[in-house]
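Read top to bottom, the protein sequences are chains A and B.
When you number the first sequence by numbering that gives the first Met the number 0, it's gap-free, plus one each residue, and the end is 260.
When you number the second sequence by numbering that gives the first Met the number 0, it's gap-free, plus one each residue, and the end is 235.
Glycine residues also receive a C-beta, built at the ideal position from the N, C-alpha and C atoms.
None of these values were measured; they are calculated from a predicted model.
Each remark here refers to the structure printed beneath this line.
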Amino acid sequence: MLWRAVLTLLTAALLALFLLFITLPVASLFLRISPEEFLSSLTEPVVLDALSLSFVTATVSTVIVVLFGTPLALVNARRDYRGRELVDTLTDLPIVLPPAVAGLALLMAFGRRGVVGQYLDLFGIQIGFTTLAVVMAQVFVASPFYIRQARASFEAVDSLYEDAARTLGASPGTVALRITIPLAQAGLVSGAILSFARALGEFGATIMFAGNFQGRTQTMPLAIYTTMQGDMNAAISLSIILVVISFAVISAVKIVTRRKY
Amino acid sequence: MLSIHTVRELRDYVLDVTLSVRSGETLVLIGENGSGKSTVLNLISGILTPDRGEVTLGDRTLFSSEGKTNIPPENRKVGHLFQSYALFPHMTVAENVAFGLRCRKVPRPTIAFSVANQLRVMHLADLADVNVGRLSGGQRQRVALARALVLNPDLLLLDEPLAAVDMRAQGAMRSELRGRIKNADIPCIVVTHNLRDALELGDRLCLLEEGRVVADGTPEEVLSMRENGFIESFAG
Numbered sequence: 000m001l002w003r004a005v006l007t008l009l010t011a012a013l014l015a016l017f018l019l020f021i022t023l024p025v026a027s028l029f030l031r032i033s034p035e036e037f038l039s040s041l042t043e044p045v046v047l048d049a050l051s052l053s054f055v056t057a058t059v060s061t062v063i064v065v066l067f068g069t070p071l072a073l074v075n076a077r078r079d080y081r082g083r084e085l086v087d088t089l090t091d092l093p094i095v096l097p098p099a100v101a102g103l104a105l106l107m108a109f110g111r112r113g114v115v116g117q118y119l120d121l122f123g124i125q126i127g128f129t130t131l132a133v134v135m136a137q138v139f140v141a142s143p144f145y146i147r148q149a150r151a152s153f154e155a156v157d158s159l160y161e162d163a164a165r166t167l168g169a170s171p172g173t174v175a176l177r178i179t180i181p182l183a184q185a186g187l188v189s190g191a192i193l194s195f196a197r198a199l200g201e202f203g204a205t206i207m208f209a210g211n212f213q214g215r216t217q218t219m220p221l222a223i224y225t226t227m228q229g230d231m232n233a234a235i236s237l238s239i240i241l242v243v244i245s246f247a248v249i250s251a252v253k254i255v256t257r258r259k260y
Numbered sequence: 000m001l002s003i004h005t006v007r008e009l010r011d012y013v014l015d016v017t018l019s020v021r022s023g024e025t026l027v028l029i030g031e032n033g034s035g036k037s038t039v040l041n042l043i044s045g046i047l048t049p050d051r052g053e054v055t056l057g058d059r060t061l062f063s064s065e066g067k068t069n070i071p072p073e074n075r076k077v078g079h080l081f082q083s084y085a086l087f088p089h090m091t092v093a094e095n096v097a098f099g100l101r102c103r104k105v106p107r108p109t110i111a112f113s114v115a116n117q118l119r120v121m122h123l124a125d126l127a128d129v130n131v132g133r134l135s136g137g138q139r140q141r142v143a144l145a146r147a148l149v150l151n152p153d154l155l156l157l158d159e160p161l162a163a164v165d166m167r168a169q170g171a172m173r174s175e176l177r178g179r180i181k182n183a184d185i186p187c188i189v190v191t192h193n194l195r196d197a198l199e200l201g202d203r204l205c206l207l208e209e210g211r212v213v214a215d216g217t218p219e220e221v222l223s224m225r226e227n228g229f230i231e232s233f234a235g
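Have a look at this one:
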């Protein structure tokens, strides 16, 4: 009896301590800045540039990930072919790959002297240190978050519905568009949200492959890193925005993944 | 007229079935679980592909290993009712029934007319805008049947059509189903575990054992084969 009470108490203490460890630093961001300072730093060019660049690039990269990732996830969920496991492993790779490695790898491929980049350079096309490079870095690191979730959602759709649709006259393409994708919708949306969030937070690969130029490649995480060396209020303001977005992302995923059927 | 000869290697045995069903005739397939009854239906509707053989419906060849023909399921014009009905959970009753017509690019006014008509005949008109998740077993069965019949199929395949219907409602549903099948005047195959289904729906009875037809005849003929263990227990 006593032991159980002690155990309960101990568990509660551990839980409280851990929650404090997570919430205290986040709360400190809000405690270190007054609402007026927060609002005034939102008008600074460095903050505004980073905000708009981040939203544009993360949106574009999420669209690219969804366009390419959806068919890939559908094929891997439904078709059994040689090398499927290898494709799965490769698409998962960016999750475990350190972002700095991803950035260097992209530079080695698409940089001016890169394996592909040297030929693009002949045509006057440069990718490294441009906004395009920001998007590419984000697609690289964020795609697994969508593809994994999409594949799992497609696998959860009972193939009986697809069979029934075929006998009713639906071609494989129509089955995908009218049956499989709508039934997997919740998982696809939450995967896209997670992928967007990961793209928004991307730092390491971006700074290595795209550099850190305000208005062109300086996304919010890069702007935080840069401004904290001089203008701490701008860094904190950007951080607060990212904290709020993170909360919104978690809530959004929880809401869309509530079971409908 | 439907004629099939299909061979397909399954996990435990080789399925090798030869059957034919005339227009307006209902063939009832019986047999133990795992004897290949549902597989035969899947081979006919094209969800599964035979290793070899031939499936012809009227003057159309749906599958022929020799002629290298394999019409995809969407072009076979075969109505296939699944045991669990497989109603699309993200659609209403009317959307489910309209699905096949929309896939065939039928003009919208025609779809609306056909669907309304079919729903009325099937006593589903009041449920048109209801999501299928809220239907009873009997209602689901009628929606599935309406969804198949609205396309005027050349063949009807019914897998345990009454298994998910309330015991009390089964009698009425069975005679209704019988009427629909007779009206359609096409070949029909019914898979069942239920003796009443076999007697009331079937013109012919076929017993499947490990992928082979071991008895084929009128219900009376087949059910009198008391030396067969399955028939013994099936006929009670």
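As assigned by DSSP and simplified to three states, the class of residue i
{"i": "Ala214 (chain B)", "result": "strand"}
{"i": "Arg167 (chain B)", "result": "helix"}
{"i": "Phe87 (chain B)", "result": "coil"}
{"i": "Glu8 (chain B)", "result": "strand"}
{"i": "Gly78 (chain B)", "result": "strand"}
{"i": "Val115 (chain A)", "result": "coil"}
{"i": "Ile3 (chain B)", "result": "strand"}
{"i": "Thr64 (chain B)", "result": "Position check: residue 64 (chain B) holds Ser in this sequence, whereas Thr was assumed. Residue state, collapsed to three classes: coil."}
{"i": "Leu222 (chain B)", "result": "helix"}
{"i": "Thr55 (chain B)", "result": "strand"}
{"i": "Gly45 (chain B)", "result": "coil"}
{"i": "Ile70 (chain B)", "result": "coil"}
{"i": "Leu66 (chain A)", "result": "helix"}
{"i": "Val188 (chain A)", "result": "helix"}
Cβ shell of residue i (< 6 Å), same chain only, five flanking positions each side left out
{"i": "Thr55 (chain B)", "result": "Ser2"}
{"i": "Ile63 (chain A)", "result": "Val138"}
{"i": "Phe202 (chain A)", "result": "Pro220"}
{"i": "Gly113 (chain A)", "result": "Met107"}
8 Å Cβ shell around residue i - same chain, five flanking residues per side excluded
{"i": "Gln117 (chain A)", "result": "Arg111"}
{"i": "Ala191 (chain A)", "result": "Thr61, Val64, Val65 and Tyr145"}
{"i": "Ala155 (chain A)", "result": "Ala183 and Gly186"}
Cutoff 8 Å: residue i Cβ touching any chain C Cβ
{"i": "Gly68 (chain A)", "result": "Here chain C cannot be found, since the structure's protein chains are A and B."}
is_contact[residue i, chain B] using C-beta, thresh 8 Å
{"i": "Gly168 (chain A)", "result": "yes"}
{"i": "Arg77 (chain A)", "result": "no"}
{"i": "Thr7 (chain A)", "result": "no"}
{"i": "Ile21 (chain A)", "result": "no"}
{"i": "Asp162 (chain A)", "result": "yes"}
{"i": "Ile192 (chain A)", "result": "no"}
{"i": "Arg150 (chain A)", "result": "no"}
{"i": "Leu159 (chain A)", "result": "yes"}
{"i": "Arg165 (chain A)", "result": "yes"}
{"i": "Thr256 (chain A)", "result": "no"}
{"i": "Thr88 (chain A)", "result": "no"}
Chain-order list of residues whose beta-carbon lies under 7 Å from that of residue i (same chain, five-residue window excluded)
{"i": "Asn69 (chain B)", "result": "Thr48 and Phe62"}
{"i": "Ile110 (chain B)", "result": "Ala97, Leu100 and Arg101"}
{"i": "Ser113 (chain B)", "result": "Leu100 and Val149"}
{"i": "Met207 (chain A)", "result": "Ala99, Gly102, Leu103 and Leu106"}
{"i": "Lys67 (chain B)", "result": "none"}
{"i": "Leu194 (chain B)", "result": "Phe233, Ala234 and Gly235"}
{"i": "Leu41 (chain A)", "result": "Ser236"}
{"i": "Met172 (chain B)", "result": "Gly137, Gln140, Leu161 and Val164"}
{"i": "Ala145 (chain B)", "result": "Val96, Gln117, Leu118, Met121 and Leu123"}
{"i": "Ile46 (chain B)", "result": "Pro72"}
{"i": "Gln82 (chain B)", "result": "Asp158, Glu159 and Ala162"}
Residue-chain proximity (residue i, chain A), Cβ-Cβ < 8 Å
{"i": "Ala163 (chain B)", "result": "no"}
{"i": "Leu9 (chain B)", "result": "no"}
{"i": "Val77 (chain B)", "result": "yes"}
{"i": "Ala85 (chain B)", "result": "yes"}
{"i": "His122 (chain B)", "result": "no"}
{"i": "Phe81 (chain B)", "result": "yes"}
{"i": "Glu73 (chain B)", "result": "yes"}
{"i": "Ser37 (chain B)", "result": "no"}
{"i": "Leu155 (chain B)", "result": "no"}
{"i": "Ser44 (chain B)", "result": "yes"}
{"i": "His4 (chain B)", "result": "no"}
| task | Return the residues of the region 209-228 of chain B that lie within a Cβ-Cβ distance of less than 7 Å from chain A, sorted by chain order. | result | none
| task | For the region 126-146 of chain B, enumerate the residues whose C-beta is nearer than 8 Å to any C-beta of chain A, in chain order. | result | Gly132 and Arg146
| Counting pairs of Cβ atoms below 8 Å between the region 60-78 of chain A and the region 139-150 of chain A, do you hit three or more? | yes
| request: Please name the residues in the region 99-110 of chain A whose beta-carbon is closer than 7 Å to at least one beta-carbon of chain B, in chain order. | output: none
| field | Cβ contact check for the region 39-59 of chain A and the region 176-188 of chain A: 3 or more pairs under 8 Å | value | no
| field | Touch test, the region 19-38 of chain A against the region 228-244 of chain A, Cβ-Cβ under 8 Å, three pairs minimum | value | yes
| query | Contact between the region 187-204 of chain B and the region 154-165 of chain B: three or more CB pairs below 8 Å? | reply | yes
| request: Could you list the residues in the region 175-200 of chain A with a C-beta less than 7 Å from some C-beta on chain B, going in chain order? | output: Ile178, Pro181 and Leu182
| query | If contact means a Cβ-Cβ distance below 7 Å, which residues of the region 95-116 of chain B contact chain A? | reply | Phe98, Gly99, Cys102 and Arg103
| query | With a cut-off of 8 Å, do at least 3 Cβ pairs link the region 212-226 of chain A to the region 12-23 of chain B? | reply | no
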